[in-house]
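Each remark here refers to the structure printed beneath this line.
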Amino acid sequence: MDRLPGSSLTPEERTRIMELQMHQKLAQIQQIREREARERQERLAREHIPHVDQNPNRHQLSTSPGPVPSINRHPANSLTPEERTRIMEIQMHQKLAQIQQIREREAREREIWEREARERQERLAREAVLMVTNIVECFR
Numbered sequence: 111m112d113r114l115p116g117s118s119l120t121p122e123e124r125t126r127i128m129e130l131q132m133h134q135k136l137a138q139i140q141q142i143r144e145r146e147a148r149e150r151q152e153r154l155a156r157e158h159i160p161h162v163d164q165n166p167n168r169h170q171l172s173t174s175p176g177p178v179p180s181i182n183r184h185p186a187n188s189l190t191p192e193e194r195t196r197i198m199e200i201q202m203h204q205k206l207a208q209i210q211q212i213r214e215r216e217a218r219e220r221e222i223w224e225r226e227a228r229e230r231q232e233r234l235a236r237e238a239v240l241m242v243t244n245i246v247e248c249f250r
């Protein structure tokens, strides 16, 4: 097995666990984004502020369109919770894509190694047959 010293998991098992944890984290982020969007819409409805963006799944980092400043912004260059969540989500998707690329590369490498091992075995078998044939010929 490919287990590291002191570890009961193979690299593939560790990668799979990490991938599952990232999917769980993405689901949590999505729930947070949906809750924040509902809260934002409820707050805007209470304040009677028209809000153009009714889609909580938008793919832009700006908070609200138009001249209405974001209540969540503190210093001029800080990010809103929605922006931080979106950035984190993008980073997690990138990490999942990297993990997938690694898994695909490892699968290709494994296929190459298995093919080369099979070819070596076939070559050794052919050489063994030739050796036996030569030995038999020597005794004729």
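Each residue of the sequence shown is one higher than the one before, starting from 111 at the first, in the working numbering.
For glycine and all other residues, C-beta sits at the position ideal for the given N, C-alpha and C.
If you're wondering where the values come from, they're calculated on a predicted model, not measured in any experiment.
Between the alpha carbons of I222 and L130 lies a distance of about 28 Å. In this chain, the alpha helix (DSSP H) harbouring L234 covers 191-248. Counting along the chain, T125 sits inside the alpha helix (DSSP H) bounded by residues 121-157. When rounded, the separation of the alpha-carbon atoms in R215 and A155 is 51 Å. T190 is classed as buried because its beta carbon has at least 16 other beta carbons within 10 Å across all chains shown. Residue environment analysis places E157 among the exposed positions, since fewer than 16 neighbouring C-beta atoms fall within 10 angstroms of its C-beta.
Less than 9 Å divides the Cβ of I209 from the Cβ of M132.
By the beta-carbon neighbour count (other beta carbons within 10 angstroms, threshold 16), R150 is buried. The residue among M128, A227, Q231 with its C-alpha nearest the C-alpha of A207 is M128.
Taken atom to atom, the span from the alpha-carbon of Q204 to that of R233 is near 43 Å.
Relative to the Cα of L136, the nearest Cα in the group E193, M202, E247 belongs to M202.
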